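Visitor: The structure follows.
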Amino acid sequence: MKLRTLLLLSAVPVFLLAAGGCRKPAAPAKADALRNAYDVEVDSNDATHMIPLSYQQAQGKRIFYADCVWCHADATPAGPSNRSNLTPVPPLLSDGTVLNGVSDDYMKNIITLGGSALGKSAMMPPWGRTLSPEDVKAVIAYVRAVAQPPYQAPAQAGSPYTREGTAGSPSK
Ligand code: HEC
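This is the structure we're talking about:
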């Protein structure tokens with residue numbers, strides 16, 4: 032009996048060693064990958080170019096991928112987007128040829144009140160009850176940051192109510 036116990040006990044360290052030997056050495060702690068993902072956005076014209084984002088623009092990116100990507104991009108984190116099924120087809124929010132010409136106030140209004148409030152398609156939902164005014168500012172800051180061609184703030188603000196009063200021209 033005693034010998035058996037002794038043998039059993041002596042096997043324990045061997046077993047522990049063997050089990051320990053199978054374990055991979057702990058990987059060095061990585062920086063928060065998710066946080067890094069929000070620090071930059073891929074240039075929509077050049078996948079090798081990363082656009083650095085400020086804190087506010089990064090908040091806007093988070094909101095874009097939660098609420099807007101489904102209709103305003105061609106691919107979403109969950110697969111294909113709804114964009115091509117919609118009429119009118121919503122602009123890509125990185126498309127500077129479409130959005131560089133509209134004022135921040137117009138964007139704020141259409142995002143907050145929805146398309147129908149500005150005589151546009153009701154397929155653009157109102158976000159004023161979902162997003163705070165700061166959220167809306169953040170998502171606009173993100174849209175400006177990722178615009179291709181790059182956005183340049185106009186000397187004079189455009190119309191808050193129409194696309195026609197393009198940035199730079201006097202509001203009607
Ligand atoms: C259900 C689909 C859908 C979602 C989700 C959506 N949009 Fe839209 N959006 C549209 C459509 C459709 C239009 C085009 C309206 C028109 O031209 O009549 C539009 C238009 C716009 C415009 C105006 C573009 C212009 O050239 O006048 C802005 C800015 C905009 N969306 C921002 C956003 C933001 C920011 C979000 C997320 C918070 C968002 N949209 C979410 C469908 C959507």
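When the letters of the sequence shown are read in order and numbered with this note's numbering, they come out as residues 32 to 203. We put the beta carbon where it would ideally sit given N, CA and C, even for glycine. Here the structure is a predicted model, which is why all the values come from computation and not from measurement.
What whole-angstrom Cβ distance do Arg194 and Tyr137 have, given they're in contact under 8 Å?
Guide: As a working mapping, residue 194 is identified with position 163 in the sequence shown. As a working mapping, residue 137 is identified with position 106 in the sequence shown. That pair is a contact at about 7 Å.
Visitor: Contact criterion: CB-CB distance below 8 Å. Does Lys168 meet it with respect to chain D?
Guide: The structure shown contains no chain D, having only a single protein chain.
Visitor: Rounded C-beta distance between Asn113 and Cys102? I'm assuming under 8 Å.
Guide: Stepping through the sequence shown from its first residue, residue 113 is reached at position 82. Stepping through the sequence shown from its first residue, residue 102 is reached at position 71. About 5 Å; that satisfies the 8 Å criterion.
Visitor: Helix, strand or coil, according to DSSP, for Pro191 in the structure here?
Guide: Counting from 1 along the sequence shown, the entry for residue 191 is found at position 160. Three-state result, Pro191: coil.
Visitor: I'd like to know whether the C-beta atoms of Ala153 and Gly159 end up nearer to each other than 8 Å.
Guide: Your numbering for residue 153 matches position 122 in the sequence shown. Your numbering for residue 159 matches position 128 in the sequence shown. Contact: no.
Visitor: Under the three-state reduction of DSSP, which class applies to Met81: helix, strand or coil?
Guide: Translated into positions along the sequence shown, residue 81 becomes position 50. It is a strand residue.
Visitor: In angstroms with no decimal places, state the Cα-to-Cα distance between Ala148 and Thr79.
Guide: Taking the sequence shown and counting its residues from 1, one reaches residue 148 at position 117. Taking the sequence shown and counting its residues from 1, one reaches residue 79 at position 48. Roughly 39 Å between the two C-alpha positions.
Visitor: Since Gln88 and Tyr173 are thought to touch, with beta carbons under 8 Å apart, how far apart are those beta carbons, to the nearest angstrom?
Guide: Here residue 88 corresponds to residue number 57 of the sequence shown, with the count starting at 1. Here residue 173 corresponds to residue number 142 of the sequence shown, with the count starting at 1. Indeed they touch by this definition, with Cβ atoms about 5 Å apart.
Visitor: In this structure, how does DSSP classify Thr107 when only helix, strand and coil are distinguished?
Guide: Position 76 of the sequence shown, counted from the start, is the residue given in the question as residue 107. Here Thr107 sits in strand by DSSP.
Visitor: Mind listing, in chain order, the continuous alpha helix (DSSP H) runs of no fewer than 4 residues lying wholly within the region 123-167?
Guide: Counting whole runs of 4 or more residues, the region 123-167 contains the alpha helix (DSSP H) stretches 127-130, 135-144.
Visitor: I'd like the span of the alpha helix (DSSP H) that includes Gln183, first residue to last.
Guide: Here residue 183 is taken as the residue at index 152 of the sequence shown, counted from 1. First-last for Gln183: undefined, no H or E at that position.
Visitor: State yes or no: is the C-beta of Pro157 within less than 8 Å of the C-beta of Leu144?
Guide: Counting from one through the sequence shown, the residue named residue 157 turns up at place 126. Counting from one through the sequence shown, the residue named residue 144 turns up at place 113. A contact, by the Cβ cut-off of 8 Å.
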